[in-house]
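Asks: So that we are looking at the same thing, I have put the structure below in structure tokens.
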Amino acid sequence: MSLLPNAAVLLGKELRTEFRSRELLTTTVVFILIVIVLFSFTFDPTSDESRRFAPGLLWLAFLFASSLMLQPCFLREQHNDTLSALRLSVSDPFAIFLAKLAANTLFLLLTELLLLPLFAVMYNVPVVPVLHWLVLVFFLASLGISIAGTALSAISAQARMRELLLPLLMLPLLTPILVASTEVTKSLFERTPFVQWKGIGFLAVFDLVFLTALWLFGEYLLEE
Amino acid sequence: MTPPPFSPVGLRFQNIDKRYGGLLALRGVSLVVAPGECVVFAGRNGSGKTTLLRIAARLVRPSRGTLSFSSESQAGDARSIRPGFVAHATMVYDELTAEENLLLFARLQEVEQPENRVETLLNEVGLSDRRASLVRTFSRGMRQRVAIARALLHEPSVLLLDEPATGLDPQGVTWLAEAIRRLRDSGRTILMSLHGESDISSLGTRAIRLDAGSIAADTRTGATFRSILTFADA
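Respectively, the protein sequence lines represent chains A and B. Residue numbers for the first sequence follow the working numbering, beginning at 3 and rising by one. Residue numbers for the second sequence follow the working numbering, beginning at 9 and rising by one.
Right, dumping it as structure tokens:
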């Protein structure tokens with residue numbers, strides 16, 4: 003069973019190339035930063051208003067940024083036809099997906115955690131008391147975005163108008179994640195915070211269902 | 009380098025069609041390649057050479073027909089036969105060094121002692137002094153050498169070479185011809201597409217001309233062999 007060792011080797015490659023170029027992380031951080039700052043200046047929200055709409059704004063920014071981040075995921079592999087080299091080398095093509103979605107989850111999570119303090123300051127929301135719950139929501143939502151986004155990136159990379167296709171496919175598909183993570187985050191920002199288990203459960207089930215689908219059908223997405 | 013013992017592998021293409029949208033790239037190609045044969049495919053651009061090699065590499069699924077491998081030890085287990093493939097594109101990462109690229113693919117292919125194998129291949133392709141350089145700083149010929157080293161990492165019993173001399177200088181072509189000769193003489197099955205006659209084409213034991221996705225000529229001998237490579241009438 004070489005799935006996990008292969009995925010680990012590929013994850014190492016993804017991390018090495020990204021931390022060498024820092025293209026994705028820089029672009030995504032700057033994009034989210036611009037959105038958060040622009041909205042804050044435009045609306046100048048009070049504390050109560052922030053509690054109401056800041057979670058939605060935060061997750062919209064994350065979602066749009068993730069479509070930027072996921073775009074090059076498989077596009078990069080087309081440059082020198084390295085995807086073919088990977089397909090020839092791994093025993094199980096799911097290892098390619100596993101490595102890419104793990105890398106995307108890590109990058110997205112890192113971006114979210116980097117920008118959380120700025121978000122807390124600009125929108126005056128208390129994140130420290132509920133930080134551990136926020137990290138859980140961030141992780142589950144980022145994982146879901148990465149699973150679906152990685153699969154869609156593999157599809158769109160082979161299509162014409164690929165740059166437009168990914169957001170067009172991804173944003174509607176990820177609407178349930180947007181709604182659930184916004185609801186859970188909103189409940190954590192209430193004056194009396196509470197954990198909305200229904201939303202967390204939904205995110206976990208979404209991740210599980212899409213991961214299983216990718217495991218079953220991913221091989222076909224890589225075919226020419 | 010002493011090649012390890014391996015079972016010679018043959019290939020059988022049965023009535024293969026490949027359609028890309030409205031374009032029929034291969035039309036009913038049936039072909040048996042015996043274990044240890046060195047087959048040269050010739051043909052004009054768009055004749056189907058690359059598609060046939062990519063089907064042999066199992067990168068492309070035929071629209072119709074089947075591909076099977078025959079091996080004494082691996083009969084019926086085609087997935088365990090992993091051809092080495094050199095394509096038009098180099099199939100290596102520009103943003104990794106030559107050594108990192110080869111180590112990556114060696115580890116994915118579960119090559120034993122990957123560091124030693126990479127060291128050997130870097131020496132063989134003459135890139136040991138540039139091992140730590142990013143591939144994007146390499147010339148086309150140097151990238152092609154990395155690509156060839158990548159294809160040989162797991163010492164494949166079947167080697168698929170799609171115009172392997174692309175970008176190589178005359179010394180590089182001579183080196184490649186010698187490398188292919190050693191691989192052929194060790195009993196590996198080699199399928200390669202080439203344009204015209206060269207030191208490399210003379211290594212072929214069989215020449216096949218593809219024309220508009222079909223086999224137009226197939227020979228193992230003499231004047232016909234040359235005519236297939238030069239597109240002349242035999």
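Think of the CB as a built atom: it goes at the ideal place given N, C-alpha and C, for glycine as much as any other residue.
1) Along the chain, where does the alpha helix (DSSP H) containing Q179(B) start, and where does it finish?
2) Can you say whether A242(B) is buried or exposed, counting buried as having 16 or more other CB atoms within 10 angstroms of its CB?
3) Would you please verify whether the beta carbon of K2(A) is less than 7 Å from any beta carbon of chain B?
4) Beta-carbon of A95(B) versus every beta-carbon of chain A: anything under 7 Å?
5) Does DSSP classify N106(A) as helix, strand or coil?
6) Within its chain, find whatever has a CB closer than 8 Å to the CB of D209(A); leave out the 5 residues flanking it on each side and keep chain order.
7) Going along the chain, which residues of its own chain have a beta-carbon closer than 6 Å to the beta-carbon of I236(B), five neighbours each way excluded?
8) Helix, strand or coil for L224(A) per DSSP?
9) Check this for me: beta carbons of G203(A) and M172(A), under 7 Å apart or not?
10) Within this structure, are the beta carbons of F96(A) and E114(A) separated by less than 7 Å?
11) Taking 7 Å as the CB-CB limit, is A68(B) close to chain A?
12) Straight-line CA distance for F191(A) to F55(A)?
13) Taking Cβ positions only, does P11(B) come closer than 7 Å to chain A?
14) How is the alpha helix (DSSP H) around L112(B) delimited, first residue to last?
15) Using a 10 Å radius around the Cβ and a threshold of 16 neighbouring Cβ atoms, would you call I98(A) buried or exposed?
16) Measuring straight from C-alpha to C-alpha, what distance separates M4(B) and L39(B)?
17) Is there at least one Cβ from chain B nearer than 7 Å to N106(A)'s Cβ?
18) CA-CA distance, A33(B) and A114(B)?
19) Rounding to the nearest angstrom, what Cα-Cα distance links E127(B) and P43(B) in this structure?
20) So L224(A) and A156(A) are supposed to be a Cβ contact under 8 Å. How far apart are they, rounded?
21) What are the residues in the stretch 97 to 118 of chain B lying within 8 Å of chain A by C-beta distance?
22) Thinking L176(B) and G92(B) are a contact (beta carbons under 8 Å), I'd like their distance in whole angstroms, please.
23) So what's R90(B) in DSSP terms, helix, strand or just coil?
24) Within this structure, are the beta carbons of R148(B) and V133(B) separated by less than 7 Å?
25) What does the alpha-carbon distance come out to for the pair E79(A) and L85(A)?
Replies: Reading from the atomic positions:
1) P178 to D193
2) Any answer about A242(B) is weak, because its pLDDT of 44 lies below 50 and its placement is not dependable; what the coordinates show is given next. Exposed, since its Cβ has fewer than 16 Cβ neighbours within 10 Å.
3) The shown model of chain A, from 3 to 226, leaves out residue 2(A), and the question about it has no answer.
4) yes
5) helix
6) L142, L145, G146 and I149
7) A50, A215, R217 and A225
8) coil
9) no
10) no
11) Contrary to the premise, residue 68(B) reads as Val rather than Ala in this sequence. Chain A, which has a Cβ nearer than 7 Å to the Cβ of V68(B), makes this yes.
12) 10 Å
13) With a pLDDT of only 47 at P11(B), under 50, the local geometry of the prediction cannot be trusted, and no value is derived from it.
14) A106 to L116
15) buried
16) In the structure as shown, chain B begins at 9 and stops at 242. Residue 4(B) is therefore absent and cannot be evaluated.
17) no
18) 33 Å
19) 29 Å
20) 6 Å
21) A97, T98, M99, V100, Y101, D102, E103, L104, E108, L112, F113, R115, L116, Q117 and E118
22) Actually they do not touch by this definition, with Cβ atoms about 17 Å apart.
23) coil
24) no
25) 5 Å
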